[in-house]
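*Asks:*
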Amino acid sequence: MPDSTPASEPADAPASRQPTVGVLALQGDVREHLRMLTEAGARAVAVRRPAELEAVDGLVVPGGESTTMWKLAEIFELLEPLRMRVKAGMPAYGSCAGMIMLADRIEDGIAGQQTIGGIDMVVRRNAFGRQVDSFEADLDFAGEDVHAVFIRAPWVESVGPDVDVLGRAQPGDRIVAVRQGPLLATSFHPELTGDTRVHRYFVDMVREL
Ligand code: GLN
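Going by our numbering, the final residue of the sequence shown carries number 349, and the count climbs one at a time with no gaps.
1) Hey, is Cys236's beta-carbon within less than 9 angstroms of any beta-carbon in chain D?
2) Can you give, in chain order, each stretch of the alpha helix (DSSP H) that sits fully within the region 235-305 and has at least 4 residues?
3) How would you write the range of the beta strand (DSSP E) that Ala213 sits in, first residue to last?
4) Consult DSSP for Met345 and reduce its assignment to one of helix, strand or coil.
5) Which residues does DSSP pair with Gly162 in a beta bridge?
6) For Pro146, name the three-state secondary structure that DSSP assigns.
7) Taking the alpha-carbon positions, what's the Gly300 to Pro202 distance?
8) Using the beta-carbon of each residue, find all residues closer than 5 angstroms to any heavy atom of ligand 1 and list them in chain order.
9) With DSSP as the reference, label Arg319 as helix, strand or coil.
10) Around the C-beta of Glu348, are 16 or more other C-beta atoms found within 10 angstroms, so that it is buried, or is it exposed?
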């Protein structure tokens, strides 16, 4: 059988070395996350079906539009499987619309809008958007200076006791990055900056499992 796997990463590499990380590929900036995950050392795959979800060690929920992502997740019969895997402890990282999808509670959603949930927080949709549709800011993410890109971004209104705040941004010193156990979320889009540190942080979380 031809082996196209590079010698440094054998196909049977344990998850601790090269975890398989999916990107929920219903809608949004999927390709950018796949590229960043690959650069961060993961085997990156698109996830559109429940069987594909079962095969990953961790999952990125990309930016895009959370209302559309929710509706497509229902149509593709992924919403319940996503909830079950998150409940079972699968590491997941949501950026922007993905942050909304990982929130237990949301404000300013559309009627009936549902999320995957998992992080004990209230996220306000389009929160920065009302003030500034998109902006960039330098901020501290888990002790590292990162350049963050916000596009009609949500912010975190409040967090429960088990949630660590990893980053805040102006205007308003709002919470824009959080972690609760194996779940990570940012209001901003690290996949658009060419800086792989947030993805490396997440891939390390997946490796830790
Ligand atoms: N405003 C979008 C939403 O509600 C999120 C924007 C983004 O992901 N860039 O899903």
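Note that beta-carbon positions come from the ideal geometry of N, C-alpha and C, so glycine has one too.
*Replies:* So, from the listed chains and residues:
1) Here there is only one protein chain, and chain D is not present.
2) DSSP assignment within the region 235-305 yields the following whole alpha helix (DSSP H) runs of 4 residues or more, N-terminal first: 237-241.
3) Walking along the sequence shown from the start, residue 213 turns up at place 73. Per DSSP, Ala213 belongs to no beta strand (DSSP E); it is in the alpha helix (DSSP H), Ser206 to Ile215.
4) Residue 345 sits at position 205 when you count from the first residue of the sequence shown. Residue state, collapsed to three classes: helix.
5) Against the sequence shown, residue 162 aligns to sequence position 22. Looking at the DSSP assignment, Gly162 forms a beta bridge with Val185 and Leu199.
6) Counted from its first residue, the sequence shown places residue 146 at position 6. Model confidence at Pro146 stands at a pLDDT of 46, short of 50, so the residue's coordinates are unreliable and nothing is read from them.
7) Mapped onto the sequence shown, residue 300 falls at position 160. Mapped onto the sequence shown, residue 202 falls at position 62. Distance between the alpha carbons of Gly300 and Pro202 is about 23 angstroms.
8) Gly203, Glu205, Ser206, Cys236, Ala237, Arg265, Asn266, Ile291 and Arg292
9) What you label residue 319 is simply residue 179 of the sequence shown in a count that begins at 1. Of the three classes helix, strand and coil, the one that applies to Arg319 here is strand, per DSSP.
10) Here residue 348 corresponds to residue number 208 of the sequence shown, with the count starting at 1. Exposed is the call here.
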